[in-house]
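*Asks:* Numbering (the UniProt record's numbering), first residue to last: 1 to 601.
#1: For residue 277, collect the residues of the same chain with a Cβ closer than 7 Å to its Cβ; drop the 5 residues on either side in sequence, then sort them by chain order.
#2: So, using beta-carbon positions, are residue 183 and residue 338 closer together than 8 Å?
#3: DSSP state of residue 334, grouped into three classes?
#4: Quick one, which of 231, 259, 353 has its alpha-carbon nearest residue 290's?
#5: Sorted by chain position, which residues of the same chain lie with C-beta nearer than 7 Å to residue 273's C-beta, five sequence neighbours on each side aside?
#6: Near residue 111, which residues of its chain fall below 6 Å by C-beta distance, leaving aside the five closest residues on each side in sequence?
#7: Given a cut-off of 8 Å on the beta-carbon distance, is the pair residue 596 and residue 474 in contact?
#8: Taking only three categories from DSSP, how would you classify residue 348?
#9: Using the rule of at least 16 other Cβ atoms within 10 Å of the residue's Cβ for burial, across every protein chain shown, is residue 125 buried or exposed?
#10: Taking residue 336 as the reference, give the member of 147, 365, 312 with the closest Cα.
#11: Locate the alpha helix (DSSP H) running through residue 544, then write down its first and last residues.
#12: Starting from residue 405, follow the beta strand (DSSP E) in both directions and report where the run begins and ends.
#13: Tell me, to the nearest whole angstrom, how far the beta carbon of residue 15 is from that of residue 61; I am working on the premise that it is less than 8 Å.
#14: From residue 392 to residue 357, what distance separates their C-alpha atoms?
#15: Within 10 angstroms of the Cβ of residue 397, are there 16 or more other Cβ atoms? Answer buried if so, exposed if not.
#16: Give the straight-line distance between the Cα atoms of residue 481 and residue 371, rounded to the nearest whole angstrom.
#17: Can you tell me whether residue 381 is buried or exposed, with buried defined as 16 or more other CB within 10 angstroms of its CB?
#18: Can you tell me where the beta strand (DSSP E) holding residue 590 begins and where it ends?
#19: Across which residues does DSSP place residue 222 in a beta bridge pair?
#20: Pick helix, strand or coil for residue 501, following the three-state DSSP scheme.
#21: Using only alpha-carbon positions, find the residue among 68, 55, 65 that is nearest to residue 74.
#22: Roughly how many angstroms separate the alpha carbons of residue 24 and residue 9, rounded to a whole number?
#23: Measure the Cβ-Cβ separation of residue 592 and residue 430 and say whether it is below 8 Å.
#24: Would the stretch 321–332 and the stretch 407–416 be scored as touching if the rule is three or more Cβ pairs under 8 Å?
#25: To the nearest angstrom, report how far apart residue 530 and residue 514 are at their CA atoms.
#26: In this structure, does DSSP put residue 459 in helix, strand or coil?
#27: Out of 453, 497, 192, 582, point me to the one whose CA is closest to residue 559's CA.
#28: Taking the beta strand (DSSP E) that residue 54 falls in, what are its first and last residues?
#29: Shortest alpha-carbon distance to residue 444 belongs to which of 362, 417, 505, 506?
#30: Determine the extent of the alpha helix (DSSP H) in which residue 429 is found, giving its start and end residues.
#31: On the criterion of 16 or more Cβ atoms from any shown chain inside 10 Å, does residue 86 qualify as buried, or is it exposed?
#32: Taking residue 79 as the reference, which of 57, 174, 533 has the closest Cα?
#33: Indicate, with yes or no, if the ligand COA has a heavy atom lying under 7 Å from the CB of residue 513.
#34: Going by beta carbon distance, what residues of the same chain come within less than 8 Å of residue 611, once the five residues before and after it are set aside?
#35: Would residue 271 pass as a contact of residue 341 if the rule is Cβ separation under 8 Å?
#36: Where does residue 80 fall in DSSP's three states?
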């Protein structure tokens, strides 16, 4: 065959996997079988109506399932196809004019028997839309759904059953925990530990109802959550049993034993390793592994929000262990206290480059004698965290600063002053301190503070309008014809400061929604869910903002310490996604002004 008949197609095959690994004679034989199609942006297409595999010569497309949920975005050079079983299971949306090369699946399968590169291409798990199902391991991974880890049917007992009957049932079924369920409702969980500490140790009559000694309330997890989510939940709450729910009905139970293999072979093991160290120096040395673990997680394809959550978990674990070691060295604290985190750690969206923001919540106003103890404790912890890689706050927002060693009433008074004052400093403080979380709270001091702040913020319309206007200040970097507008950052070259133009505005937007909906948590997703549940956000806006946030965190992870990027550094797909994010942020800013500031920016 004369190569001159198909010069463009042959040139493309010679540089495109898997064809580039085939002999030239095979490449030539494929040329006449390749269909060439052009599909304009937003035009309907029949690409997924035939058993073909497609390669994007240019442009990019999105693939959706029958529930209209986006499954994948394919960029220039990418491939896609239909799981062809006699019916169309996906549909396609063309985001940018696309030049598509297509090849019949049956021809590719025939050649795959003779050429390993083609067989590997078809079998590769990444090409999950092709006809030949990928060969996947049956072993669960961090990205497996929780329901894949449930080992057996739910073992449950009613709350009025006796403790003795419950213990017999646990022995018979060989389980370490029972779900306490009645009429489909989960009342609590009874564990081996409950029997030891609440029954045997206290001499409780075994004929008493199990409801008297069960653990309640119970933390649960949805069946569609990832194994990584369960590991993080168990690690953070220091629990060993987690009921799994479907539509708020408990369907099973997973234990720390079920997840043991994952813990030892995956990143969460670093968290448990930190908790076992016996000196601040050992904690610091263990935390030095974080960068390589994060790199490994990124290479495994974990989403940016999950990686950020893991980094925050490591920071939490380091805080808790360092505080425990400090108490062992200095002696028992002179009064009850909690360690509060602010900013990115409180929101669980830390990066490798994040600094520390923290403070002390005390049961009572601190005395001069007590201040010496707590300043020494906090100073040691903050310095160790710095050596762990979580650098000290340049603004001195840390627990060793007397300004942030306050009782509950003093913190409330401080928060109320920030709400009353509309000056720039108050707004800046709101952007830091209203994202807070108790990382270490053995005495349960933070809950009452949180409840009072939730009510106060939710009912303060003037404060919410101030925050809404502040969230509207950062303009999206678009110039004429929708092009990116690069700006000079400091004395450096021109680029887009993603921190100022994307991360911070989106966080500011969701902070308003979180405070207005009295969200109990400060992280982006929890605030968005609370706003959606209270109809402050539509379902479409909720999903769009979550997707935008996930993309930005993944991009942030890829960029590392820098927050400034040139559009030319990004792929065509990333530029498109970033433009979409800026568009969503712009729309969300306008909606925020309408809802909370009377339409007056």
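Every residue, glycine too, gets a C-beta built ideally from N, C-alpha and C.
*Replies:* Judging by the given coordinates:
#1: Within the same chain, 283, 286, 321 come within 7 Å of residue 277 by CB-CB distance, once the 5 residues on both sides are set aside.
#2: no
#3: coil
#4: 353
#5: Taken in chain order, the residues that qualify are 286.
#6: 118
#7: no
#8: Coil.
#9: Any reading at residue 125 must be qualified, since the residue scores a pLDDT of 32, below 50, and its modelled position is unreliable; the value itself is stated next. Residue 125 comes out exposed.
#10: Comparing C-alpha distances from residue 336 to each of 147, 365, 312 shows the shortest one belongs to 365.
#11: 539–559
#12: 405–407
#13: That belief does not hold up - the Cβ atoms of residue 15 and residue 61 are roughly 21 Å apart, past 8 Å.
#14: 8 Å
#15: Buried, since its Cβ has 16 or more Cβ neighbours within 10 Å.
#16: Bear in mind that a pLDDT of 43 at residue 481, under 50, signals an unreliable position, so the model cannot answer this.
#17: By the 10 Å Cβ count, residue 381 comes out buried.
#18: Residue 590 -> not in any beta strand (DSSP E); alpha helix (DSSP H) instead, spanning 572–596.
#19: 245
#20: helix
#21: Here the closest residue by C-alpha is 55.
#22: It is roughly 12 Å from the alpha-carbon of residue 24 to the alpha-carbon of residue 9.
#23: Annotated as distal: residue 592 and residue 430, with beta-carbon spacing of 8 Å or more.
#24: no
#25: 7 Å
#26: coil
#27: 497
#28: 52–65
#29: 362
#30: 424–433
#31: Below a pLDDT of 50, predicted positions are generally treated as unreliable, and residue 86, at 35, falls in that range; the measurement from the model is reported next regardless. Burial state of residue 86 is exposed, judged by a 10 Å Cβ sphere holding fewer than 16 other Cβ atoms.
#32: The shortest Cα separation from residue 79 among 57, 174, 533 belongs to 57.
#33: Among the ligands in the structure shown, none appear at all, so the ligand COA cannot be discussed.
#34: Here the chain comprises residues numbered 1 to 601, so residue 611 is not present and cannot be evaluated.
#35: no
#36: Strand.
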